[in-house]
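In my numbering, the protein residues as written are -7 to 285. In this text, a Cβ means the ideal position worked out from N, Cα and C, and glycines have one as well. Step one of this worksheet: look at the structure below.
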Ligand SMILES: [Fe+2]
Ligand SMILES: [Fe+2]
């Protein structure tokens, strides 16, 4: 097992993959669960201009489909995970994803947002592999969603009543990605030494399949606004919130990511991939260039 001396200035008192790691991970997750009920959320009455702005966001088809698909994948892993402590946390995450799908269903109905029907998601055959993939997708999407949400909040694009409605969902995604990176590290550490290279390959493939396609699209959108589609909603949506530079957007994503993860046990590993990519882009991004012209 890999032993970590410290993360930043925080000493690690356990080994990654140990029972203590599992206990801290599952405890953080279960104890930070927010028991809200979607129908009892403070659904605001919005005026027509706000509804029109919401409808114009290029996110709804993708968001509705993604939440439903993610929910099924996470729920499936919760059903087959043999460790009861881990199973409880994963089942809770599955429930939270189902709740996200329900919130989006209520929201699109209440505010008259049209959503394109897509085929119902199919139950995965390999639950662990699909959880691995879905988690990497969430790590990437959430990083940008945190920044977009802050732009929508700070620019006044979302009135305070909508910010209040979405806030628990945003925070839940922070918990999910924190769980995911620790789950990956835990599983890897528990593999026999001979199987770790294969697990590393599997992990690399999951990252490639989930993330690099999105990076390619995001870079394309950064170069040309004409490429906008719902497949790259994180980057294209930034245009909806006024004059946003690529630099400003990525800096906001980094700051929001840190803020959202800050409340949780500092001994747990933090997602690193999306922040690393953002910092690499920032290192070469020209100052003052808009996200899209
Ligand atoms: Fe979700
Ligand atoms: Fe999630």
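{"Query": "Secondary structure of residue 237, DSSP reduced to three states", "Result": "strand"}
{"Query": "Residue 128, buried or exposed, once every other Cβ within 10 Å from all chains shown has been counted against 16", "Result": "buried"}
{"Query": "Residue 31 burial status per 10 Å Cβ neighbour count (16 or more: buried)", "Result": "exposed"}
{"Query": "Three-state secondary structure assigned by DSSP to residue 129", "Result": "helix"}
{"Query": "Beta-carbon gap between residue 161 and residue 95 smaller than 8 angstroms", "Result": "yes"}
{"Query": "Best match in 137, 153, 149, 174 for proximity to residue 249 [C-alpha to C-alpha]", "Result": "137"}
{"Query": "Exposure of residue 261, with buried meaning 16 or more beta-carbon neighbours within 10 Å", "Result": "buried"}
{"Query": "The region 43 to 59 in contact with the region 114 to 124 per 3-pair CB rule at 8 angstroms", "Result": "no"}
{"Query": "Close beta carbons around residue 36, own chain, < 6 angstroms, minus the five adjacent residues each side", "Result": "153"}
{"Query": "C-beta contact flag for residue 139 and residue 245 at 8 angstroms", "Result": "yes"}
{"Query": "Member of 156, 277, 65 whose CA lies at the smallest distance from the CA of residue 88", "Result": "65"}
{"Query": "Rounded straight-line distance, which links the Cα of residue 157 to that of residue 97", "Result": "14 angstroms"}
{"Query": "Cβ-heavy atom distance, residue 92 to ligand 1, below 7 angstroms", "Result": "yes"}
{"Query": "Proximity below 8 angstroms, CB of residue 13 to CB of residue 178", "Result": "yes"}
{"Query": "Residue 26 classed as buried or exposed, judged by whether at least 16 other C-beta atoms fall within 10 angstroms", "Result": "exposed"}
{"Query": "Backbone CA spacing between residue 125 and residue 52 [nearest angstrom]", "Result": "21 angstroms"}
{"Query": "Which of helix, strand or coil DSSP assigns to residue 272", "Result": "helix"}
{"Query": "Residues near residue 257 in its chain [Cβ-Cβ closer than 7 angstroms; skip 5 each side]", "Result": "16, 20"}
{"Query": "Buried or exposed (CB count within 10 angstroms, at least 16 for buried), residue 221", "Result": "With a pLDDT of 45 at residue 221, under the threshold of 50, the modelled position of this residue cannot be trusted, and the question is left open."}
{"Query": "DSSP state of residue 5 mapped onto helix, strand, coil", "Result": "coil"}
{"Query": "Residue 287 CB to nearest heavy atom of ligand 1 below 7 angstroms", "Result": "Since the displayed the chain opens at -7 and closes at 285, residue 287 lies outside it and no answer follows."}
{"Query": "Neighbour-count burial assignment, residue 278, 16 or more Cβ in a 10 Å radius", "Result": "exposed"}
{"Query": "Neighbourhood of residue 180 by C-beta distance below 6 angstroms, restricted to the same chain and skipping five residues each side", "Result": "191"}
{"Query": "Sequence-distant residues of its chain with Cβ nearer than 7 angstroms to residue 84 (five each side left out)", "Result": "21, 22, 25"}
{"Query": "Residue 89 CB to nearest heavy atom of ligand 1 below 7 angstroms", "Result": "yes"}
{"Query": "Cut-off 7 angstroms between Cβ atoms - residues of its own chain near residue 201, not counting five sequence neighbours on either side", "Result": "125"}
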